[in-house]
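The structure under discussion appears below in the form of structure tokens.
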Amino acid sequence: MKVFIPRNDIKRKVKELAEKISSEYENGLVVIGVLKGAFVFMADFVRQLTCPVYIDFIKVSSYKGKETTGEINLELSCSIDLKGKDVLVVEDIVDTGITLSFIKEFLAEKDPKSLKVCCFLDKPERRKVDFIPDYVGFTIPNRFVVGYGLDCSEEYRSLPYIATLD
Ligand code: IMP
Ligand code: MG
57 MKVFIPRNDI
67 KRKVKELAEK
77 ISSEYENGLV
87 VIGVLKGAFV
97 FMADFVRQLT
107 CPVYIDFIKV
117 SSYKGKETTG
127 EINLELSCSI
137 DLKGKDVLVV
147 EDIVDTGITL
157 SFIKEFLAEK
167 DPKSLKVCCF
177 LDKPERRKVD
187 FIPDYVGFTI
197 PNRFVVGYGL
207 DCSEEYRSLP
217 YIATLD
């Protein structure tokens, strides 16, 4: 296991994202974290926001067959009424884009005033569907990473940095 993004770089990036997003949502926003991976990034991120913030979560599971497009199942939906609200989905990583495309489509039906996505990490090389996150922490190459919420078979989520597993 090798450190890929150290703690201090993460801190600096989270602060930068929170400053930018706070200035764009002065009237407040609903932040929806995608469980489980987003929980660490989300906790750091919302504590740096200077605008009013409401917190909710969504949980999906994906069944990724060999080289198939993947099928997404909704396991937990958010409880805040999103109608007319500014909504920001927070996720750990965009890979194929399938999960966030599904989540965006699902949440759009709840009639929010705006709906954007902030991802801590982005692996654009792996996309299977068109999906462009509105805010990205770090764009990374096609490597499997863990830590800072991200897991490999439920391990390593509590590492305070991003590591590669090779
Ligand atoms: P997508 O639907 O392929 O974009 O899948 C995104 C999900 O796959 C993320 O929320 C992660 O749970 C998982 N994932 C993708 N790449 C990695 C990785 O490098 N490390 C850990 N989890 C990953
Ligand atoms: Mg995830």
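Residue numbers (my numbering): 57 to 222. All C-beta atoms, glycine included, are put in the ideal place defined by N, C-alpha and C.
Review point. With DSSP run on the structure shown, which of helix, strand or coil describes Thr106?
Key: coil
Review point. Looking at Ile196 and Lys179, is the spacing between their C-beta atoms short of 9 Å?
Key: yes
Exercise for review: Can you say whether Pro189 is buried or exposed, counting buried as having 16 or more other CB atoms within 10 angstroms of its CB?
Suggested key: Around the C-beta of Pro189, 16 or more other C-beta atoms lie within 10 Å, and the residue is accordingly described as buried.
Review point. Comparing the CB of Lys179 with every heavy atom of the ligand IMP, is any distance shorter than 8 Å?
Key: yes
Review point. Given 8 Å as the limit, is there contact between the segment 76-88 and the segment 102-119, that is, 3 or more CB pairs closer than that?
Key: Yes, the segment 76-88 is in contact with the segment 102-119.
Exercise for review: Would you kindly report the start and end of the unbroken alpha helix (DSSP H) that includes Phe187?
Suggested key: Counting along the chain, Phe187 falls outside any alpha helix (DSSP H), and DSSP gives it neither H nor E.
**Study point:** Per-residue DSSP class, three states only, for Ile128
**Key:** strand
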